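Chemist:
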Ligand SMILES: Cc1ncc(C[n+]2csc(CCOP(=O)(O)OP(=O)(O)O)c2C)c(N)n1
Ligand SMILES: Cc1ncc(C[n+]2csc(CCOP(=O)(O)OP(=O)(O)O)c2C)c(N)n1
Ligand SMILES: [Mg+2]
Ligand SMILES: [Mg+2]
């Protein structure tokens, strides 16, 4: 008889009523980023979708280039380019239904545009014009969020509210690898999982938070592994494979819509340009690293697939490029017009009704402007 | 020839330079909370340690009872009892070396006391006396932290600083299941893992955050699973098995000390008393649930083990109880004396040197007190 | 209008009633926070609401204040009217970024397209023997943040009326509940409670001719007491209860001080950088030539809130207020 | 003392130099924040420090402000002197709970046993064409928090001197760096820079007899410009640069206003609930009978910071300051 067997009375039992809440295994991401292009799965993807993704990628690349050019011409205050990340931007926009909501971060102008926001209106903030240039309700695109990760709880709350109202709405929220370190990321994912809110979190892991490489940001096996700590599935996808990103997001959106709760998707990608036009990327990374990623370009990957499968010919490529040029020319032309802002609007939206104090201040500014308009004489000095 | 084989040029490759940073498997906790008492492993545990744990548990239980009694007598403003959780409190204190640091939450007075803090000084805050009654440097115990989870980054910073200075110091930080939902929990664990700081995070999962049960707090398989998202090992332990808690913490402390970085430990336990004396636990849980946990009592589990293995006889039990009574009597006696506070101290520690403004305010209060002392006549009214 | 006998009620009861009536009147109203469900909140303000309206309307959240307010922002974006409970003043700080960077600015950011009708209930202030972090007066932080309304009741009727108005407001409102008045009682008619709208109107709680005490929230009863005591000194003090710190009712305050020619601002919050500076400055700007003495301030000291055993020395009391009144240069009178 | 030729330097250079000298002088000084390493920070203030002192002394942290400040608290507990960089004013808000609940209170909480000598560098204010969240003036929040020093330089020499003093201070200091003065130049002798100690002393930047402009940080050069322009109107304006909002130098300010009899407080921060209220109130308390007119305030409007294309309308400029001076009831003079 062993020691153990002698102990009828108190065999070790787990603490009362204790049990794991979920089986962790299905929550863990695949070992390697999911790929579609260049695999057999690609053949199963709707050719129409691939073609749509393609033309959006081409447009998106051109949009990034044009916006960057506009910063040099002083037409944009700042532009955080998503060159190299177009597959994520475009897939995030195309995967949603009209009734769904997109919550972009400050880098995701392109996702907003791909969802239908007017390209000029999407740039209003970055132009130095009003903070948000579009009506968020028009295309169900929340304002571009500058304070990192703070938009994630908004997405959760909106999705939760829609569910409470019985509406069949999914929210997709975008954040960077750096943003995953913020407390708001944690709180948002936790609320989403506890409430089983219909949200999809898309982390664009582009390798850097400004100058800080991922290795200084996290020691996690992958960012997708964070999902298991919230009890939601984590998916890892090649963020430069537009078909794969679309597939993984579509599955997550479907799951959310069907009441299956949130998903965390990590898309592994790379920021080809500097952080913004104001940044000097040579301070923290080498050109060889960038070059390796240029070979893994999202447009290149998709173009190869489409060409090999004869879903795209020279004419179609040409057409996509021309369409992008038209968009760029239009953007350029419209951005070269000076926006007209009314200083009085400063007081218009602080509250539903301006307070007495704001009305006084409004009057003060009006008087100043009137004096200014009357010229140096009128100004009294 | 398959479609795949035709494609020499672009076999799907993972994105450039991409690789998981850590192997996730070793980070994941065991499926069931680790147990020692009642298992073969118990035989391998140092009997002296078990006896020490035992006498501390008995003392700790008595301390909780006495402190709770003091609230009824108006001698304590509030007391968050750790009855039922003594194994965690005691093991956390005993596992550390003198040079190490303990970062307790507001519920962990007992851990502070077990580490050597004077029982009355440990209660100063809860008595309504000064905010912290002990010198944190005397026993290397940080002030009891009321804002939940905010002490965790402090522990990380301290451990990191010690390591930078070449000191062989480990920090152990305590937090509740509810506290894991705060952004500070996330940020602290992430910093610790990225910096490989010598910290151990002990989550006492006592089933509730005031009235909110764990199921409304998280959907994670276990709280220990959160570790994987930071790239640190997660350990799950039966929090009422003092030997198991000590073993798991000791291993984590050793790992931290040897440069292996942080560990997240979830101890599954139960809060037998209400949240504090001011709480009414009947509003959110049934007596049957509490009863089940009473059968899984940490003292009971350890007492059984020790008795069966004849490491503890009636005399020793009696001695432990008497020791606890002495402590309680002393505590009672000292807590029944009114503390003497000097109102002038209000101005003494705001800055290293009081500002002119504080000196003025100090003079004002002094004048008021002088007038008060001089009686209604002297008060000028 | 039928005449119903007024019955004594506590401020806590009036707040509960306001929440209940708001939930009943408008299906878009949702209450959320830590322990607001089965427990009814640590102050029992939400007692019974989850039972009556279901957990979807009165929801226990995970323990994370930024998450609570952040999700409330999203709920408001979708047309709901969240009423968020912060458990204590100091535990609202984790949500500060959401308050300042989003709650207060979303309407402005979106040119009015996306208003956020959120009510943030914050039990605040001291005098209840609370240990550290349980007695903060955090109103200065919110006052300095354009886009928020900041409201605080001092009476049972106002607690009901202002909270209904706050919840009905299309702007975010920080609703500061003076903890130590939770159990204060007033005669009140719960059968015909009324919203106090529009927000932003101060009220003269006690008319007087000698000087004006300008105050709000927990200090209102103290000022009324001081005004009674002042009669013995021959001073007839007017007491103005601001009720709303933002918007600020310059009209009522200015009219009072112009009438009396002297004023003391009274609040618990620390003096330096606290609300009293703003109030004294704007009163002086508007009433300079009516003033016989500088506007004085009686406030908490410029220290972290003291431990319970010392808090009585910190809190502005009747004597300290009367001392300040005494320093209003009465010799100038003659 | 050798005479060394003064050379023009920018405020940014002086701050970098102060950090470098502090790191060199005291091994317990550690710089940490987002992008402070290889990049040298988004404003390049920490340029070269990681290379010179190693990544352990100048550390790129994960992207989480509460985590940065929270770990700095722990580092300070262990005897280090962390100098934390917040990337922009509005991105310090996530750390607000750590600031208010710990940084400002730890010394007091522990009866002086556990001081926290932490310097929190915050680039603040507008005028640089920054998009939303990049131009906040958040000083009112810190001023209302006892236990913090709040310091802000307006000149190149002060940027060096005050920062050295802040890092040397045994108390936590919020060091507000006026972004738009980063590239302002002064003649400065980097070979003999001096700390400005003790913290808490204002300085008269320009003596004058007609009225006092009380200001700090980014508004100091604007006030000096206004004072020059005022000469044409016959006003000889004194300009007081506070340099330290906490502690507040009542002595210097009071002496100036008693001399001139008139004062205008000028700052970028919103007026309502902003620093100007406190300043105007305390000046009035101390100088009432010397004042010919109420202390006026010229501040940012009570609105969220405007988009770049409108910011010039928001920022206090020379004209607005002179208008206020003009309203100081000069008729009373005669
Ligand atoms: C709360 C907050 N802190 C700091 C910043 C400043 N900031 C802007 S972008 C950025 C890096 C973001 O990195 P990541 O999340 O990876 O997104 P990416 O830029 O790569 O798209 C930082 C630190 C900010 N916007 N918000
Ligand atoms: C930041 C913060 N929010 C809210 C509170 C109020 N509060 C005190 S204890 C508590 C519940 C804590 O639950 P848990 O973390 O599980 O610890 P336990 O009480 O079970 O030990 C709450 C909400 C607080 N102290 N700090
Ligand atoms: Mg990134
Ligand atoms: Mg708990």
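Chains as they are written, first to last, in my numbering: chain E, 4 to 384; chain U, 4 to 384; chain Z, 50 to 383; chain H, 50 to 383. In this text, a Cβ means the ideal position worked out from N, Cα and C, and glycines have one as well. Source: prediction; values computed, not measured.
1) Does the distance from the C-beta atom of residue 45 of chain Z to that of residue 255 of chain Z stay below 7 Å?
2) Quick check: is any heavy atom of ligand 2 less than 6 Å from the C-beta of residue 209 of chain U?
3) What residues of chain H sit near residue 135 of chain Z, judged by a beta carbon separation below 9 Å?
4) Any beta carbon from chain U within less than 7 Å of residue 225 of chain E's own beta carbon?
5) Quick test of the definition: if touching needs 3 or more C-beta pairs under 8 Å, does the region 42 to 54 of chain E touch the region 291 to 299 of chain E?
6) Is it buried or exposed for residue 196 of chain H, if we count other Cβ within 10 angstroms and need 16 for buried?
7) Take residue 351 of chain E and list the residues in its own chain whose beta-carbon comes closer than 8 Å to its own, dropping the five residues that flank it on each side.
8) With a threshold of 6 Å, establish whether the CB of residue 322 of chain Z neighbours any heavy atom of ligand 4.
9) For residue 86 of chain U, which of U:313, U:279, U:122 and U:194 has the nearest alpha-carbon?
10) What I want to know is whether the C-beta of residue 180 of chain U ends up closer than 6 Å to one or more non-hydrogen atoms of ligand 4.
11) Measure the CB-CB distance between residue 167 of chain H and residue 121 of chain H and report whether it falls below 7 Å.
12) So the beta strand (DSSP E) residue 208 of chain E belongs to, where does it begin and stop?
13) List in chain order: all unbroken beta strand (DSSP E) runs of 3+ residues lying wholly within the region 290 to 369 of chain Z.
14) In terms of residue numbering, what span does the beta strand (DSSP E) encompassing residue 262 of chain H cover?
15) Helix, strand or coil: which one does DSSP assign to residue 198 of chain Z?
16) Can you tell me whether residue 114 of chain Z sits near ligand 5, meaning its C-beta is under 6 Å from at least one heavy atom of the ligand?
17) Hey, is residue 391 of chain U close to ligand 4, as in C-beta under 6 Å from one of its heavy atoms?
18) Using C-beta distances below 7 Å, list every residue in its chain close to residue 217 of chain U, excluding the 5 sequence neighbours before and after it, in chain order.
19) Within 10 angstroms of its Cβ, does residue 298 of chain H collect 16 or more other Cβ (buried), or is it exposed?
20) Checking the sheet assignment: what are the DSSP bridge partners for residue 169 of chain H?
21) From the DSSP output, read off the bridge partner residues of residue 270 of chain E.
22) What residues in its chain sit with their C-beta under 6 Å from that of residue 127 of chain E, if we drop five residues either side in the sequence?
23) Closer than 7 Å by C-beta to residue 152 of chain E: which residues in its own chain qualify, once you throw out the five before and the five after it? Chain order, please.
24) Please report the Cβ distance between residue 93 of chain Z and residue 67 of chain Z, rounded to the nearest whole angstrom; I am assuming they are in contact, meaning their Cβ atoms lie under 8 Å.
25) Take residue 57 of chain Z as the anchor and find which of Z:296, Z:331 and Z:238 has the nearest alpha-carbon.
26) Using the beta-carbon of each residue, which ones in chain H are nearer than 8 Å to residue 286 of chain E?
27) Is the CB of residue 93 of chain U under 7 Å away from at least one CB in chain E?
28) Listed in chain order, which residues of the region 150 to 172 of chain U have Cβ atoms closer than 9 Å to some Cβ of chain H?
29) Just the Cα atoms here: how many angstroms apart are residue 292 of chain Z and residue 227 of chain Z?
30) If you measure between the beta carbons of residue 3 of chain H and residue 346 of chain E, is that distance less than 7 Å?
31) At 4 residues or longer, what runs of the alpha helix (DSSP H) sit wholly inside the region 240 to 288 of chain H?
32) Leaving aside the five residues before and after residue 369 of chain E along the sequence, list all residues of the same chain whose C-beta is less than 8 Å from its C-beta, in chain order.
33) Taking the alpha-carbon of residue 309 of chain H as reference, which of H:318, H:296, H:194 and H:338 has the nearest alpha-carbon?
34) So, is the C-beta of residue 158 of chain Z closer than 7 Å to a C-beta in chain E?
35) For residue 57 of chain H, which of helix, strand or coil comes out of DSSP?
36) Is residue 212 of chain U close to ligand 4? I mean its beta-carbon at under 6 Å from any heavy atom of the ligand.
Modeler: Concretely, from the data shown:
1) What the structure shows of chain Z is the stretch from 50 to 383, and residue 45 of chain Z is not part of that stretch, so it cannot be assessed.
2) Mapped onto the second chain, residue 209 of chain U falls at position 206. Yes, the beta carbon of residue 209 of chain U sits closer than 6 Å to at least one heavy atom of ligand 2.
3) Numbered from 1 along the third chain, position 86 holds the residue referred to as residue 135 of chain Z. When 9 Å is used as the limit between beta carbons, residue 135 of chain Z is near no residue of chain H, the shortest such separation being about 12 Å.
4) Working through the first chain from its first residue, we reach residue 225 of chain E at position 222. Residue contact with chain U for residue 225 of chain E: present (Cβ-Cβ distance below 7 Å to some residue of chain U).
5) The region 42 to 54 of chain E is not in contact with the region 291 to 299 of chain E.
6) Residue mapping note: residue 196 of chain H aligns to position 147 of the fourth chain, counting from 1. By the neighbour-count criterion, in which 16 or more other beta carbons inside 10 Å mark a residue as buried, residue 196 of chain H falls on the buried side.
7) In the first chain, residue 351 of chain E corresponds to position 348, counting from 1. The residues 357, in chain order, have a CB closer than 8 Å to that of residue 351 of chain E in the same chain once the five nearest residues on each side in sequence are set aside.
8) Here the question's residue 322 of chain Z lines up with position 273 in the third chain. Outside the cutoff, so no.
9) If you number the second chain from 1, residue 86 of chain U lands on position 83. Taking residue 86 of chain U as reference, the option from U:313, U:279, U:122 and U:194 with the minimal CA-CA separation is U:279.
10) To locate residue 180 of chain U, count along the second chain from 1; it is residue 177. Correct: residue 180 of chain U has its Cβ closer than 6 Å to ligand 4.
11) Along the fourth chain, one-based indexing puts residue 167 of chain H at 118. Along the fourth chain, one-based indexing puts residue 121 of chain H at 72. Taking 7 Å as the Cβ cut-off, residue 167 of chain H and residue 121 of chain H qualify as a contacting pair.
12) Position 205 of the first chain, counted from the first residue, corresponds to residue 208 of chain E. From DSSP, the beta strand (DSSP E) with residue 208 of chain E extends over 202 to 208.
13) The qualifying runs are 293 to 295, 312 to 319 and 345 to 349.
14) The count along the fourth chain starts at 1 and reaches residue 262 of chain H at position 213. For residue 262 of chain H, the enclosing beta strand (DSSP E) stretches over residues 260 to 264.
15) Residue numbering aside, residue 198 of chain Z sits at position 149 when the third chain is read from its first letter. Look at residue 198 of chain Z here: in three-state DSSP terms it is strand.
16) As for ligand 5, it is missing from this structure, which binds only ligand 1, ligand 2, ligand 3 and ligand 4.
17) The shown model of chain U, from 4 to 384, leaves out residue 391 of chain U, and the question about it has no answer.
18) To locate residue 217 of chain U, count along the second chain from 1; it is residue 214. Only residues of its own chain outside the window of five on either side were considered, and among them 180, 208 and 210 have a CB closer than 7 Å to the CB of residue 217 of chain U, listed in chain order.
19) Start at 1 with the first residue of the fourth chain, and residue 298 of chain H comes out as number 249. By the 10 Å Cβ count, residue 298 of chain H comes out buried.
20) To locate residue 169 of chain H, count along the fourth chain from 1; it is residue 120. Listed as beta-bridge partners of residue 169 of chain H by DSSP are H:133 and H:223.
21) Looking up residue 270 of chain E in the first chain gives position 267. According to DSSP, residue 270 of chain E bridges with E:207 and E:240.
22) As a working mapping, residue 127 of chain E is identified with position 124 in the first chain. For residue 127 of chain E, where only same-chain residues beyond five positions count, the Cβ hits under 6 Å are 133 and 136.
23) For the purposes of this step, residue 152 of chain E is taken as the residue at position 149 of the first chain. Excluding sequence neighbours, residue 152 of chain E sits near 178, 182, 185, 187 and 188.
24) If you number the third chain from 1, residue 93 of chain Z lands on position 44. If you number the third chain from 1, residue 67 of chain Z lands on position 18. 14 Å between Cβ atoms; not a contact.
25) Numbered from 1 along the third chain, position 8 holds the residue referred to as residue 57 of chain Z. With distances taken between Cα atoms, residue 57 of chain Z lies closest to Z:238.
26) What you label residue 286 of chain E is simply residue 283 of the first chain in a count that begins at 1. At a C-beta separation below 8 Å, residue 286 of chain E has these neighbours in chain H: 87, 88 and 89.
27) Taking the second chain and counting its residues from 1, the one referred to as residue 93 of chain U is at position 90. Not an interface residue.
28) Listed in sequence order: 150, 153, 154, 155, 156, 157, 158, 159, 160, 161, 162, 163, 164, 165, 167, 168, 170 and 172.
29) Counting from 1 along the third chain, the entry for residue 292 of chain Z is found at position 243. Counting from 1 along the third chain, the entry for residue 227 of chain Z is found at position 178. Using only the alpha carbons, I get a separation of about 12 Å.
30) Coverage of chain H is limited to positions 50 through 383, which leaves residue 3 of chain H absent and any answer about it impossible.
31) Contiguous alpha helix (DSSP H) elements confined to the region 240 to 288 of chain H occur at 268 to 279, taking only those with 4 or more residues.
32) As a first step, residue 369 of chain E must be located in the first chain, where it is residue number 366. If we look at residue 369 of chain E and ignore the five residues flanking it on each side, its Cβ neighbours are 347.
33) Here residue 309 of chain H corresponds to residue number 260 of the fourth chain, with the count starting at 1. Nearest Cα to residue 309 of chain H within the set H:318, H:296, H:194 and H:338: H:338.
34) Translated into positions along the third chain, residue 158 of chain Z becomes position 109. Answer yes: the Cβ-Cβ gap between residue 158 of chain Z and chain E drops below 7 Å somewhere.
35) Mapped onto the fourth chain, residue 57 of chain H falls at position 8. Looking at residue 57 of chain H - three-state DSSP - the assignment turns out to be strand.
36) One-based indexing of the second chain puts residue 212 of chain U at position 209. Answer for residue 212 of chain U: yes, Cβ within range of ligand 4.
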